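Visitor: This structure is in structure tokens; I'll ask about it shortly.
Number of protein chains: 2
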Amino acid sequence: MLIVGELINTSRKLIKEAVANKDADYIKDIARRQVEAGAGYVDVNCGTLVHEEVETMAWLVNTIKEAVDAPLCIDSPSPKALKAGLELAGKGQPMVNSITAEKERYESVLPLVLEYKAKVVALCMDDSGMPETAAQRIVIIKKLVKDLTAAGVPQDDIYLDPLVKPVGVSDGAGLEVLDTLRFIKADYPSVHIICGLSNISFGLPNRKVLNRLFMVQTMTAGMDSYILDPLDKTMMGFYYASQALLGKDPYCMQYLKAHRAGLFTE
Amino acid sequence: MLIVGELINTSRKLIKEAVANKDADYIKDIARRQVEAGAGYVDVNCGTLVHEEVETMAWLVNTIKEAVDAPLCIDSPSPKALKAGLELAGKGQPMVNSITAEKERYESVLPLVLEYKAKVVALCMDDSGMPETAAQRIVIIKKLVKDLTAAGVPQDDIYLDPLVKPVGVSDGAGLEVLDTLRFIKADYPSVHIICGLSNISFGLPNRKVLNRLFMVQTMTAGMDSYILDPLDKTMMGFYYASQALLGKDPYCMQYLKAHRAGLFTE
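Listed in order, the protein sequences are those of chains A and B. Just so we're aligned, residue 50 is where the first sequence starts under the numbering used here, counting upward by one. Just so we're aligned, residue 50 is where the second sequence starts under the numbering used here, counting upward by one.
So, in structure tokens, the structure goes:
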């Protein structure tokens, strides 16, 4: 299981301000707290700063790596910003977030994945757009896994993102993702599956409850990685509880540790 | 989906006192509140009162049916107590809780299921004891479904209970149940699956969190009925949220109703 800490993203107001003020201490603190809370990778996304994304990525990566030893997840649709982040990332194996099956994006991001021997988040979309059904996702997934492995990316470095859509827009949005997971686990047992959770609850009340329970549901169906806020104690409590219930936490040791750390309030 | 309200059970201190004092108003109030909160059946269990179980069952059933129109789930290992409850149950199709594959119990309970055309909870155990693994459960399930349907019980009236054991005692306890569910859904799509939730968390802290999340996990794997406390608002909120996320709540109507009823606190 892998948690990618999502908080360092300039779409978040406080991060945007810290970047504007070159407030390195704030960025370092958020990086450190995410790792302490269980993040195995720290995501870095400054895509909202279109005209200064490359310089900002470099500053953020340099800042974060002074604070934590965890490897970084360089998050951008722009190959230039990805390159800037990967070049400086340093510690451990970096992660590229993300490649897709769109021809232009695939061809521009793949060389970076290979050059930096990175793990890669592969979004389940192609030039025909975002899929609705599990069947549509599976067609794209087959192509992504085939092409990435043929290019030399090990299955264990691929993190498929099925692309979660709002259940408030389409009743079947969650179910299509769950069905997709079962296919991936059966056909590609070494490939990882990752997603962000907040899309599922778009437009509905009690979004945090829905996001957390969709994590529990997708874990049950085989998802093994999440891009989330590790400082959400209830979310992390549910994560450890789910792992214990799924038999993935010998003697419930991590669960009991989470209990002692105060992650549960009932 | 079916919720069986579990609260009228003399193992609970307040119920035991109400029975001792023949406090019909208290029993009626608990019955009414469970049905208002979403229980489709009201469980009636006075098994702790060994020497007066039959008379108590009769008094409880008569009391409860004055308060609610929901059918009753007559809960006892004793054929005499089951008979006393079923004879008086009256409204709707009653449920027998429970039969097992133990020879003596099977033979003494089956005639009651047939006589009262009842739904029946079939516990996954036989004369060799309680199963540990999914494979052991599946052997018993195949026998139960074969024998019950051969005797004339429709698949749709059978509620298999896989028997949940504590994950704090055996790491794989939850996973074996989840694997059992996948087998039942694939091989017997018309048969229902039910369980109580509290065993899963025995011996661990934050039991309510574990019970609720095990409900979410088992719903994801195909369980469709629960014996639980419908007055636990967070549990019921998770139930409605899970249904919406699983695409079983058109336009999230029940979820939004649960939201307006204050089931979510985040």
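Cβ atoms here follow ideal geometry from the backbone N, Cα and C, with glycine treated the same way. Note that the coordinates shown come from a computational prediction; the quantities given were computed from them, not determined experimentally.
1. Just the Cα atoms here: how many angstroms apart are Q185 of chain B and A200 of chain B?
2. Would you list, in chain order, the members of the region 209-228 of chain B that have their beta-carbon closer than 9 angstroms to a beta-carbon of chain A?
3. Look at the alpha carbon of K168 of chain B and the alpha carbon of P279 of chain B, and state the distance between them as a whole number of angstroms.
4. Using a Cβ-Cβ cut-off of 8 angstroms, state whether I64 of chain B counts as contacting chain A.
5. Counting pairs of Cβ atoms below 8 angstroms between the region 212-227 of chain B and the region 162-179 of chain B, do you hit three or more?
6. Taking the continuous alpha helix (DSSP H) assigned at T198 of chain A, which residues delimit it?
7. When we look at the beta-carbon of E104 of chain A and count the other beta-carbons within 10 Å, is it buried (16 or more) or exposed?
8. Tell me whether C244 of chain A sits in a helix, a strand or coil according to DSSP, three-state version.
9. With a cut-off of 8 angstroms on the beta carbons, I'd call I276 of chain A and T229 of chain A a contact; round off their distance for me.
10. When the Cα atoms are used, what is the spatial distance from G139 of chain A to L163 of chain A?
11. Can you grab the Cα-Cα spacing for the pair C95 of chain A / G245 of chain A, in whole Å?
12. Give me the Cα-Cα distance between S274 of chain B and I207 of chain B, rounded to the nearest whole angstrom.
13. With a threshold of 8 angstroms between beta-carbons, can I52 of chain A be considered close to chain B, or not?
14. For A107 of chain B versus L137 of chain B, is the C-beta distance shorter than 8 angstroms?
15. For G134 of chain A versus A88 of chain A, is the C-beta spacing smaller than 8 angstroms?
16. Reducing DSSP to helix, strand and coil, say where I79 of chain B ends up.
17. Could you name the residues that DSSP lists as bridge partners for L172 of chain B?
18. Rank A:K257, A:N70, A:P238 and A:S247 by C-alpha distance to the C-alpha of G271 of chain A and give the top, closest one.
19. Strictly by DSSP, which residues pair up with Y275 of chain A?
20. L224 of chain A by DSSP, collapsed to three states: which one?
21. What does the Cβ neighbour count give for A35 of chain A, buried or exposed, with the cut at 16 atoms within 10 Å?
22. Whose C-alpha, out of B:P160, B:I190 and B:S60, is nearest the C-alpha of V93 of chain B?
23. Could you tell me which residues DSSP puts in a beta bridge with D72 of chain B?
24. Is it a yes or a no for the region 256-272 of chain B touching the region 281-289 of chain B, going by three-plus beta-carbon pairs under 8 angstroms?
25. Could you run through the region 266-294 of chain A and flag, in chain order, every residue whose CB is less than 9 angstroms away from some CB of chain B?
26. Could you say which of A:P180, A:A67 and A:I52 lies nearest to L109 of chain A if we only look at CA atoms?
27. Pull up the DSSP beta-bridge partners for V91 of chain B, would you.
28. By the criterion of Cβ-Cβ separation under 8 angstroms, what are the contact partners of V23 of chain A in chain B?
29. Hey, how far is the Cα of G221 of chain A from the Cα of P203 of chain A?
30. Closest Cβ-Cβ distance between P238 of chain A and chain B: below 8 angstroms?
31. Just verifying my parser: in three-state terms, what is the DSSP assignment at G286 of chain A?
32. Using the Cβ count rule (16 or more neighbours within 10 Å means buried), how would you classify K341 of chain B?
33. On a CA-only basis, which of A:L161, A:M264 and A:A235 is nearest L50 of chain A? Give me that one, please.
34. Run the CB neighbour count on M268 of chain B, radius 10 Å, all protein chains shown included, and call it buried at 16 or more, exposed below.
35. Over the uninterrupted alpha helix (DSSP H) stretch that includes F263 of chain A, give me the two end residues.
36. Tell me the DSSP bridge mates of G178 of chain A?
Guide: A quick look at the data gives this:
1. Those two C-alpha atoms are separated by around 23 angstroms.
2. Correct list: V216, G217, S219, D220, G221, A222, G223, L224, E225 and L227.
3. One alpha carbon belongs to K168 of chain B, the other to P279 of chain B, and they sit about 20 angstroms apart.
4. I64 of chain B does not count as touching chain A.
5. Per the Cβ contact rule, the region 212-227 of chain B is in contact with the region 162-179 of chain B (3 or more Cβ pairs under 8 angstroms).
6. In the DSSP assignment, T198 of chain A falls within the alpha helix (DSSP H) that extends over A183 to A199.
7. Exposed is the call here.
8. Here C244 of chain A sits in strand by DSSP.
9. With 8 angstroms as the limit, I276 of chain A and T229 of chain A do not qualify as a contact, their Cβ atoms being about 17 angstroms apart.
10. Computed Cα separation, rounded: 16 angstroms.
11. Distance between C95 of chain A and G245 of chain A, taken at the CA atoms: about 17 angstroms.
12. Their Cα atoms are separated by approximately 11 angstroms.
13. Not one chain B Cβ lies under 8 angstroms of I52 of chain A.
14. In this structure, L137 of chain B lies closer than 8 angstroms to A107 of chain B by Cβ.
15. Taking 8 angstroms as the Cβ cut-off, G134 of chain A and A88 of chain A do not qualify as a contacting pair.
16. Residue state, collapsed to three classes: helix.
17. Paired residues: B:T149 and B:D210.
18. Checked all of A:K257, A:N70, A:P238 and A:S247; the closest Cα to G271 of chain A is A:P238.
19. Bridge partners of Y275 of chain A according to DSSP: A:I52 and A:C244.
20. DSSP places L224 of chain A in helix when its eight states are reduced to three.
21. As displayed, chain A neither begins before 50 nor continues past 315, which places residue 35 of chain A out of reach and without an answer.
22. Of the candidates B:P160, B:I190 and B:S60, the one whose C-alpha sits nearest the C-alpha of V93 of chain B is B:S60.
23. In the DSSP output, where bridge partners are listed per residue, D72 of chain B has none listed.
24. Judged by Cβ distances under 8 angstroms, the region 256-272 of chain B makes contact with the region 281-289 of chain B, as three or more pairs qualify.
25. Along the region 266-294 of chain A, the positions whose C-beta sits under 9 angstroms from a C-beta of chain B are Q266, T267, M268, T269, A270, T283, G286, F287, A290, S291, A293 and L294, read in chain order.
26. Checking every option, the nearest Cα to that of L109 of chain A belongs to A:A67.
27. DSSP output for V91 of chain B lists B:G54 and B:L121 as bridge partner(s).
28. One cannot answer for residue 23 of chain A here, as it falls past the ends of chain A, which runs 50 to 315.
29. If I take the Cα positions, the gap works out to 32 angstroms.
30. Chain B, which has no Cβ nearer than 8 angstroms to the Cβ of P238 of chain A, makes this no.
31. For G286 of chain A, the secondary structure class from DSSP, reduced to helix, strand or coil, is helix.
32. The question about residue 341 of chain B has no answer here: the residues shown for chain B are numbered 50 through 315.
33. Looking at the sequence itself, residue 50 of chain A is Met, so the reference to Leu does not match. Minimum Cα distance to M50 of chain A is reached at A:M264.
34. Answer is buried; the Cβ neighbour count reaches 16.
35. F263 of chain A: member of the alpha helix (DSSP H) spanning R256 to T269, first to last residue.
36. Beta-bridge pairing links G178 of chain A to A:D175.
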